[in-house]
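*Asks:* Next up is a structure, given as structure tokens.
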Amino acid sequence: MAGTRIPHLPNEILYEIAGYVDDEDVLNLRLSAKVFQYVTADRFATTFFETRTHRLSRKGVEALLKITEHPVLVRHMRAVIIGHDGKQRPAKYHDLFEQIFQNLATVGNDISLGLRRMSNSDHYDSSSHAGSENMVKFFEEKILAVAVRAQVPLENLVSDVRGVLSYPNPWLWFHSANFLERLWRRASTGVTGYSQFSGLEIKLSPRASDFGRSGKIYIEVNRKRLEISHIDTLMNCFHFPRNFTDDLREIYLESCDADYNFLWKLVHRSSHQLEHLSLYNVHLRERTGDSHRSRTWSKLFRKLKSPTVLKSCKFGRLWSDSGDLWLEGDEKTIEASTRAQVITVLSNLGAGIRTFELDG
4 MAGTRIPHLP
14 NEILYEIAGY
24 VDDEDVLNLR
34 LSAKVFQYVT
44 ADRFATTFFE
54 TRTHRLSRKG
64 VEALLKITEH
74 PVLVRHMRAV
84 IIGHDGKQRP
94 AKYHDLFEQI
104 FQNLATVGND
114 ISLGLRRMSN
124 SDHYDSSSHA
134 GSENMVKFFE
144 EKILAVAVRA
154 QVPLENLVSD
164 VRGVLSYPNP
174 WLWFHSANFL
184 ERLWRRASTG
194 VTGYSQFSGL
204 EIKLSPRASD
214 FGRSGKIYIE
224 VNRKRLEISH
234 IDTLMNCFHF
244 PRNFTDDLRE
254 IYLESCDADY
264 NFLWKLVHRS
274 SHQLEHLSLY
284 NVHLRERTGD
294 SHRSRTWSKL
304 FRKLKSPTVL
314 KSCKFGRLWS
324 DSGDLWLEGD
334 EKTIEASTRA
344 QVITVLSNLG
354 AGIRTFELDG
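Throughout the sequence shown, residue numbering follows my numbering, covering 4 to 363 in sequence.
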């Protein structure tokens with residue numbers, strides 16, 4: 004462990020917290036027998052303090068409490084994400100969350116709060132109506148309300164649905180993870196506490212082609228910024244809460260497969276406010292039997308051009324089912340930083356011209 008460093012985290016602490024690492028995290032951290040190497044330090048800090056799920060059990064909650072009681076570890080905590088199986092059961096250890104959030108409030112870090120849907124040994128269906136209601140009720144009463152009372156600064160609302168399905172098809176997992184839909188609906192109606200979140204985040208299972216990198220959908224509420232990355236088959240029937248996506252100012256899509264209708268609808272909803280659009284490594288997918296073969300990148304860019312209020316854009320590695328590969332590599336990525344340049348880019352790409360010069 005010599006040379007291993009995490010900012011402000013002494014080496015001897017790594018020995019201590021190695022015992023907290025769950026078996027499922029050993030692979031994610033690329034640890035060998037829970038022995039740290041130099042290259043794992045940053046990855047460990049992210050996994051342990053920002054993205055780790057704490058299972059809702061006496062052991063899991065008590066372990067979380069011990070972390071927040073540690074004078075060094077608590078300074079690095081950035082998220083409290085609870086793994087819930089959808090069952091409603093009386094548990095005295097739920098009261099430990101009062102002390103957990105008081106400890107976090109003392110430090111003053113912005114903390115993300117969230118849920119991860121977990122399976123259980125008796126095959127209880129946590130995606131059922133009752134299971135989803137139990138999860139949302141637990142989150143609002145035992146997590147969100149307690150954090151607000153303790154005056155913990157809140158950052159993101161996290162919905163972790165990794166592992167919900169064996170493949171990340173959004174229009175299926177969105178409905179199979181009903182708690183996610185219910186959380187977003189509650190957030191959109193201004194239920195007490197939700198308004199304090201600065202962002203909404205969904206974590207998804209990784210695509211096979213992304214070598215384990217998890218998919219993500221993120222909405223930064225105040226900046227009206229949407230990021231979607233590493234997700235297969237974004238379809239038109241996948242719906243975001245309208246109050247979060249009707250007035251977007253920035254849209255970023257990276258390493259996604261997108262249905263034409265979904266992509267156009269997403270952009271069109273914000274066409275009068277959208278200031279930046281970034282599409283990189285995006286595959287424009289056509290549905291089987293779709294007679295509208297004209298639904299190409301060229302058509303999309305033509306529709307974007309008029310009217311547009313875009314102030315900047317970035318496009319690269321744009322694929323389609325019809326065989327087009329636009330802007331093959333990083334050297335072909337096109338960026339525009341002024342409105343005049345944006346119009347030039349959209350005009351040329353709309354006409355199928357992929358090589359041109361930008362003024363200024």
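Ideal placement from N, C-alpha and C gives every residue a C-beta, glycine not left out.
Measuring CB atoms only, is the region 130–144 touching the region 101–108, in the sense that at least three cross pairs come out at less than 8 Å?
*Replies:* Judged by Cβ distances under 8 Å, the region 130–144 makes no contact with the region 101–108, as fewer than three pairs qualify.
*Asks:* Quickly, what does DSSP pair K317 with across the bridge? List them, please.
*Replies:* Bridge partners of K317: S281 and E338.
*Asks:* Just how far apart, CA to CA, sit L168 and R272?
*Replies:* Confidence at L168 is low in this model, with a pLDDT of 46, below 50, so the placement of that residue should be treated as unreliable; the coordinate-derived value is given next. Cα-Cα distance, rounded: 29 Å.
*Asks:* Within the same chain, show all residues whose beta-carbon is closer than 6 Å to that of A82, passing over the 5 residues directly before and after it, in chain order.
*Replies:* Once the five neighbours on either side are set aside, the close Cβ partners of A82 are E53 and S115.
*Asks:* To the nearest whole angstrom, what separates the beta carbons of H279 and E253, a pair I think is in contact under 8 Å?
*Replies:* Yes, they are in contact, since the Cβ atoms of H279 and E253 sit about 4 Å apart, within 8 Å.
*Asks:* Just tell me which of S162, A261 and H87 has its CA closest to the CA of H233.
*Replies:* Residue A261 is the option with its Cα nearest to H233.
*Asks:* Could you say if the region 335–353 and the region 309–320 meet the contact criterion of at least three C-beta pairs nearer than 8 Å?
*Replies:* The region 335–353, when compared against the region 309–320, does touch it at the 8 Å Cβ threshold.
*Asks:* Determine the direct distance from the alpha carbon of V149 to that of E101, and round the result to whole angstroms.
*Replies:* Taking the straight line joining both Cα atoms gives about 6 Å.
*Asks:* Kindly indicate which three-state DSSP category E360 falls into: helix, strand or coil?
*Replies:* Three-state result, E360: coil.
*Asks:* Who pairs with T56 in a beta bridge, going by DSSP?
*Replies:* Bridge partners of T56: I84.
*Asks:* Starting from the N-terminal side, write out each stretch of the beta strand (DSSP E) that is 3 residues or longer and does not extend beyond the region 68–118.
*Replies:* Taking only runs of at least 3 residues, the beta strand (DSSP E) segments lying wholly in the region 68–118 are 82–87.
*Asks:* I'd like to know whether the C-beta atoms of L147 and I103 end up nearer to each other than 8 Å.
*Replies:* Not a contact, by the Cβ cut-off of 8 Å.
*Asks:* Between which two residues does the alpha helix (DSSP H) holding L303 run?
*Replies:* W300 to K308 is the extent of the alpha helix (DSSP H) around L303.
*Asks:* Do you know how far the Cα of E72 is from the Cα of G196?
*Replies:* Going by the C-alpha atoms only, they are around 25 Å apart.
*Asks:* State buried or exposed for S162, treating a residue as buried only when at least 16 other CB atoms are found within 10 Å of its CB.
*Replies:* The residue is buried, with at least 16 neighbouring Cβ atoms inside 10 Å.
*Asks:* Which stretch, first to last residue, makes up the beta strand (DSSP E) that contains V161?
*Replies:* Counting along the chain, the beta strand (DSSP E) containing V161 begins and ends at L157 to D163.
*Asks:* To the nearest angstrom, report how far apart G63 and D235 are at their CA atoms.
*Replies:* Straight-line Cα distance between these residues: approximately 33 Å.
*Asks:* Can you list, in chain order, the residues of its chain whose CB lies under 7 Å from that of D250, leaving out five sequence neighbours each side?
*Replies:* Excluding sequence neighbours, D250 sits near K227, S273 and Q276.
*Asks:* In the DSSP assignment, find the alpha helix (DSSP H) that holds I263 and state where it starts and stops.
*Replies:* The sequence given here has Tyr at residue 263, not Ile. That run of the alpha helix (DSSP H) goes Y263 to R272.
*Asks:* Identify the continuous beta strand (DSSP E) that holds E143 and give its terminal residues.
*Replies:* Run containing E143: none; DSSP gives neither H nor E here.
*Asks:* Quick check on L251: does DSSP put it in helix, strand or coil?
*Replies:* Correct three-state label for L251: coil.
*Asks:* Looking at C-alpha atoms only, which residue of D324, N284, T50 and T347 is the closest neighbour of S309?
*Replies:* Cα-wise, what sits closest to S309 is T347.
*Asks:* Would you mind working out which of P156, E230 and F141 sits nearest G111, comparing C-alpha positions?
*Replies:* It is P156.
*Asks:* Taking K206 as part of the beta strand (DSSP E), name the residues at either end of that continuous run.
*Replies:* That run of the beta strand (DSSP E) goes G202 to L207.
*Asks:* Measuring alpha carbon to alpha carbon, tell me which residue in N284, L303, R119 and V77 is nearest F141.
*Replies:* Selected option, being the one with the closest Cα: R119.
*Asks:* Report yes if the C-beta distance between C316 and V285 is below 8 Å; otherwise report no.
*Replies:* Result no, Cβ atoms of C316 and V285 do not sit closer than 8 Å.
*Asks:* Cβ of G202 within 8 Å of Cβ of I220?
*Replies:* Their beta carbons are not under 8 Å apart, which means G202 does not touch I220 by this criterion.
*Asks:* Taking the alpha carbon of E143 as the reference point, which residue from A66, H132, L186 and D113 has its own alpha carbon closest?
*Replies:* Out of A66, H132, L186 and D113, L186 has the C-alpha closest to the C-alpha of E143.
*Asks:* Can you tell me whether D88 is buried or exposed, with buried defined as 16 or more other CB within 10 angstroms of its CB?
*Replies:* Its Cβ being crowded by 16 or more others within 10 Å, D88 is buried.
*Asks:* Roughly how many angstroms separate the alpha carbons of Q154 and S350, rounded to a whole number?
*Replies:* About 51 Å.
*Asks:* By a C-beta neighbour count over all protein chains shown, 10 Å radius and 16 as the cutoff for buried, is T341 buried or exposed?
*Replies:* Exposed, by the Cβ-count rule.
*Asks:* Are the beta-carbon atoms belonging to R61 and I84 less than 8 Å from one another?
*Replies:* The answer is no: Cβ separation not under 8 Å.
*Asks:* Whole angstroms is fine: what's the gap from R357's alpha carbon to F200's?
*Replies:* The straight-line gap from Cα to Cα measures roughly 41 Å.
*Asks:* Using the rule of at least 16 other Cβ atoms within 10 Å of the residue's Cβ for burial, across every protein chain shown, is T299 buried or exposed?
*Replies:* Buried, since its Cβ has 16 or more Cβ neighbours within 10 Å.
*Asks:* Is S258 helix, strand or coil when you go by DSSP?
*Replies:* In the structure shown, S258 sits in a strand (DSSP, three-state: E or B).
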